[in-house]
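K.L.:
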Amino acid sequence: MDSIRLIRHIVLPHWWVRRPFSPDLLRRIEVAVEASEATHRGELRVVLEANLPLPRLIQNQSTHSRAVELFSQLRVWDTAENSGVLIYLQLIDRRVEIIADRGIDAQVGPSFWAGVCRRMEEAFKVEDFAGGMLFALDTVSEALREHFPVSGTNVDELPNKPLMI
Numbered sequence: 022m023d024s025i026r027l028i029r030h031i032v033l034p035h036w037w038v039r040r041p042f043s044p045d046l047l048r049r050i051e052v053a054v055e056a057s058e059a060t061h062r063g064e065l066r067v068v069l070e071a072n073l074p075l076p077r078l079i080q081n082q083s084t085h086s087r088a089v090e091l092f093s094q095l096r097v098w099d100t101a102e103n104s105g106v107l108i109y110l111q112l113i114d115r116r117v118e119i120i121a122d123r124g125i126d127a128q129v130g131p132s133f134w135a136g137v138c139r140r141m142e143e144a145f146k147v148e149d150f151a152g153g154m155l156f157a158l159d160t161v162s163e164a165l166r167e168h169f170p171v172s173g174t175n176v177d178e179l180p181n182k183p184l185m186i
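In the numbering used here, the protein residues as written are 22 to 186.
1. Using CA coordinates, which residue listed in L158, E102, H85, V38 is at the minimum distance from A71?
2. With 16 other CB atoms within 10 Å as the buried threshold, where does T174 fall?
3. V106 by DSSP, collapsed to three states: which one?
4. Under 8 angstroms: does the beta carbon of D159 sit that close to some heavy atom of the ligand GDP?
5. Our contact map puts F133 next to R62 with C-beta atoms below 8 angstroms; I'd like the distance itself, whole angstroms only.
6. Here's the rule: buried if 16 or more other CB atoms are within 10 angstroms of the residue's CB, otherwise exposed. What is P94?
7. To the nearest angstrom, report how far apart E58 and I125 are at their CA atoms.
8. How far does the beta strand (DSSP E) with V67 in it reach, from first residue to last?
9. According to DSSP, H35 sits in a beta bridge with which residue or residues?
Now the structure itself:
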C-alpha cells in the first residue's frame with residue numbers, strides 16, 4: 022500500500038480537492054455533454070471523485086479498477102446500443118480513466134481511450150481542468166458521431182450532469 026496516497030486521501034478535505042471544478046465548470050461540462058449527445062446515439066457519463074472510500078484505499082484499488090466499478094454501478098454499460106462512455110477523474114491522484122462499452126470500444130480501441138486520458142492528465146498537470154475536460158468531451162464526441170450518428174429517435178439514457186463523489 023502506498024502510504025503517501027493513503028495519507029493524501031484521508032487528510033485532504035473534499036472541498037479542497039474539488040475546488041478546481043467550480044459550479045460554473047461543472048455546468049459547462051453538463052452543457053457540453055448535453056450538446057454532444059444531441060449529435061450522436063452514444064451516452065457520456067462524467068464522474069469526478071475526490072477522496073476514495075477507505076476500504077478502496079486499504080485494498081490499494083487502482084484508478085482503472087475504480088472506474089470499472091463505477092461503470093457497472095452507474096449502469097453505463099446498459100445503454101441500448103452499447104455506446105456508453107464513462108470519463109472518470111480521481112482528483113487526488115490526478116488520474117483519468119475512460120471506460121467504454123463494447124459497441125464503441127470495438128470501433129476505436131484501447132489506444133484511442135488511453136490517448137485521450139493522457140492528454141487530459143497533461144492538461145491537469147498545468148491546472149487546465151476546463152481545457153482537459155472539454156478536450157476529452159470533444160474528442161470522444163467526435164468518435165461517437167462517426168460511429169453512432171443520430172438516426173431517428175435519440176433517447177437520453179444517462180444523466181448529463183457530472184457526478185461529484
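The C-beta atom is built at its ideal place from N, Cα and C for all residues, glycine as well.
P.N.:
Taking the geometry as given:
1. V38
2. exposed
3. strand
4. For the structure depicted, the ligand GDP is absent and the ligand set is empty, with no information on it obtainable.
5. Going by Cβ atoms, the distance from F133 to R62 rounds to 18 angstroms, so no, they are not a contact pair.
6. The sequence shown places Gln at residue 94, rather than the Pro named in the question. Label assigned to Q94: exposed.
7. 14 angstroms
8. 64-70
9. Partner(s): none; H35 has no beta bridge.
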